[in-house]
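Let me begin by presenting the structure, written as structure tokens, before commenting on it.
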């Protein structure tokens, strides 16, 4: 998916990679190298590398040779082994990556959690709709909704009363039921440096594909950098929480009160019972079935059926229940 980040955010300062050290607190800086000078136009992730961008990363298990041959990506890291193991043309070594991310992003962008973030709204049918949003005329927005800056909503969608949508793109035939929040800030922060002023900025979006149904009182957090994705034809019941960076494939069926932690990736055709909890950063394959009230703590391969806590093969779980009665 392609989107223009500056349709959702406001550029505070346009900087070059050689100016990065000037925008970081000197107590965070360790070393800085810039082979060439380029304007910072984007923020990369390990999944999507972009030209003229900054990449924040401490992860060693990645092939940074992709960056070695790109003179227009500047990596910021506190993991010196990355610099030692790869020849990188542009880098900044910092003492704390999270603190550096907060400081630099807040100096580049004005985002939804910035105190000086501004939007202009039109009152249409008793809903507040940003003049910077784009909504197809066939879409219905019920009263008491809030549609924020940059939001795009496609054809034949229905946004029901009291829903709040920001930092999001909805394709065609999407239904958002009552009292939903789509595009909220993700729950990302450093446990050693807590407080609202230190929350990690979330400058990504939520991307909802065609023909998706979202039940009442659901929350879907926007991504930290790229997109939280709900695949086409997916059905989400009431009171579901989808955390930042989650990717859900096509044709998912998720029952009520399920919580999916950050950065989980789910394949196509998931069937999940109610009150399921999925731990962060897991990989769930295609055609997986998860029984109600399960706690998923490990990756699940394609075509598996699991249940219980911790979630295990469904047949084994049923046998264990019978054995313990």
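Residue numbers (our numbering): 327 to 651.
Virtual Cβ for every residue (Gly too), placed ideally from N, Cα, C.
Next item on the list: Would you give the residue range spanned by the beta strand (DSSP E) that residue 632 belongs to?
Entry: For the purposes of this step, residue 632 is identified with residue 306 of the chain shown, where counting begins at 1. Judged by DSSP secondary structure, residue 632 falls within the beta strand (DSSP E) whose first and last residues are 631-633.
Next item on the list: Would you mind working out which of 629, 622, 628, 359 sits nearest residue 638, comparing C-alpha positions?
Entry: Position 312 of the chain shown holds residue 638. Comparing Cα-Cα distances from residue 638 to each of 629, 622, 628, 359, the minimum goes to 622.
Check: Hey, residue 380 and residue 400: beta-carbon distance below 7 Å or not?
Finding: Position 54 of the chain shown, counted from the start, is the residue given in the question as residue 380. Position 74 of the chain shown, counted from the start, is the residue given in the question as residue 400. Contact: yes.
Margin query: I need the DSSP call for residue 332, collapsed to helix, strand or coil.
Written below: Locating residue 332 in the chain shown gives position 6, where the first residue counts as 1. Three-state result, residue 332: helix.
Notebook entry, point to check: What number of angstroms, rounded off, separates the C-alpha of residue 556 from the C-alpha of residue 534?
Noted result: Residue numbering aside, residue 556 sits at position 230 when the chain shown is read from its first letter. Residue numbering aside, residue 534 sits at position 208 when the chain shown is read from its first letter. Using only the alpha carbons, I get a separation of about 5 Å.
Next item on the list: List the DSSP bridge partners of residue 440.
Entry: On the chain shown, position 114 is the one that residue 440 refers to. None, per the DSSP bridge assignment.
Check: Count the other CB atoms within 10 Å of the CB of residue 354; is the residue buried (16 or more) or exposed (fewer)?
Finding: For the purposes of this step, residue 354 is taken as residue 28 along the chain shown, with counting starting at 1. With a 10 Å radius around the Cβ and a threshold of 16 neighbouring Cβ atoms, residue 354 comes out buried.
Checklist line | residue 515 to residue 603 span [Cα, whole Å] | finding: Residue mapping note: residue 515 aligns to position 189 of the chain shown, counting from 1. Residue mapping note: residue 603 aligns to position 277 of the chain shown, counting from 1. Near 21 Å, if we compare the C-alpha coordinates of residue 603 and residue 515.
Margin query: Going by DSSP, what residue range makes up the beta strand (DSSP E) through residue 416?
Written below: As a first step, residue 416 must be located in the chain shown, where it is residue number 90. Here the beta strand (DSSP E) through residue 416 covers 416-420.
Checklist line | Supposed contact pair residue 509 and residue 494 - C-beta distance, whole angstroms, cut 8 Å | finding: For the purposes of this step, residue 494 is taken as residue 168 along the chain shown, with counting starting at 1. For the purposes of this step, residue 509 is taken as residue 183 along the chain shown, with counting starting at 1. Yes, they are in contact, since the Cβ atoms of residue 494 and residue 509 sit about 4 Å apart, within 8 Å.
Checklist line | Rounded Cβ spacing between residue 597 and residue 611 (contact assumed at less than 8 Å) | finding: What you label residue 597 is simply residue 271 of the chain shown in a count that begins at 1. What you label residue 611 is simply residue 285 of the chain shown in a count that begins at 1. Their Cβ separation, rounded to whole angstroms, is 13 Å, which puts residue 597 and residue 611 out of contact at 8 Å.
Notebook entry, point to check: Where are the beta strand (DSSP E) runs, 3 residues long or more, that stay fully inside the stretch 489-551, in chain order?
Noted result: You should have 494-496, 507-510, 531-534, 545-547.
Next item on the list: Would you identify the three-state DSSP class for residue 478, choosing helix, strand or coil?
Entry: Translated into the one-based positions of the chain shown, residue 478 becomes position 152. Correct three-state label for residue 478: strand.
Next item on the list: Return yes when the Cβ of residue 460 is within less than 7 Å of the Cβ of residue 486, no when it is not.
Entry: What you label residue 486 is simply residue 160 of the chain shown in a count that begins at 1. What you label residue 460 is simply residue 134 of the chain shown in a count that begins at 1. Their beta carbons are not under 7 Å apart, which means residue 486 does not touch residue 460 by this criterion.
Check: By Cβ distance below 6 Å, which residues in the same chain neighbour residue 467 in space, the five residues on each side in sequence not counted?
Finding: Along the chain shown, read from residue 1 onward, the residue named residue 467 stands at position 141. Once the five neighbours on either side are set aside, the close Cβ partners of residue 467 are 453, 485.
Margin query: If I follow the unbroken beta strand (DSSP E) through residue 357, where does it start and stop?
Written below: Residue 357 sits at position 31 when you count from the first residue of the chain shown. Counting along the chain, the beta strand (DSSP E) containing residue 357 begins and ends at 355-360.
Check: Is there contact between the stretch 612-620 and the stretch 633-649, where contact requires at least three CB pairs shorter than 8 Å?
Finding: yes
Check: In angstroms, rounded to a whole number, what distance separates the CA positions of residue 628 and residue 643?
Finding: Counting from one through the chain shown, the residue named residue 628 turns up at place 302. Counting from one through the chain shown, the residue named residue 643 turns up at place 317. So the alpha carbons of these two residues sit roughly 18 Å apart.
Checklist line | Residues of its chain near residue 407, where Cβ-Cβ distance is below 7 Å and the 5 sequence neighbours each way are ignored | finding: Residue 407 sits at position 81 when you count from the first residue of the chain shown. Cβ neighbours of residue 407 beyond the five flanking positions: 386.
Check: Using 8 Å as the threshold, is the stretch 346-360 in touch with the stretch 575-587, meaning 3 or more CB pairs across them?
Finding: no
Next item on the list: Along the beta strand (DSSP E) that carries residue 454, what are the first and last residues, could you check?
Entry: Position 128 of the chain shown, counted from the first residue, corresponds to residue 454. Segment 453-456, the beta strand (DSSP E) holding residue 454.
Note to self: I believe residue 553 touches residue 327 by the beta-carbon criterion, under 8 Å. Please report the beta-carbon distance rounded to the nearest angstrom.
What the structure shows: Position 227 of the chain shown holds residue 553. Position 1 of the chain shown holds residue 327. Yes, residue 553 and residue 327 are in contact; Cβ-Cβ is about 6 Å, under 8 Å.
Margin query: I'd like the ranges of any beta strand (DSSP E) spanning at least 3 consecutive residues and lying wholly in the stretch 552-582.
Written below: Taking only runs of at least 3 residues, the beta strand (DSSP E) segments lying wholly in the stretch 552-582 are 553-556.
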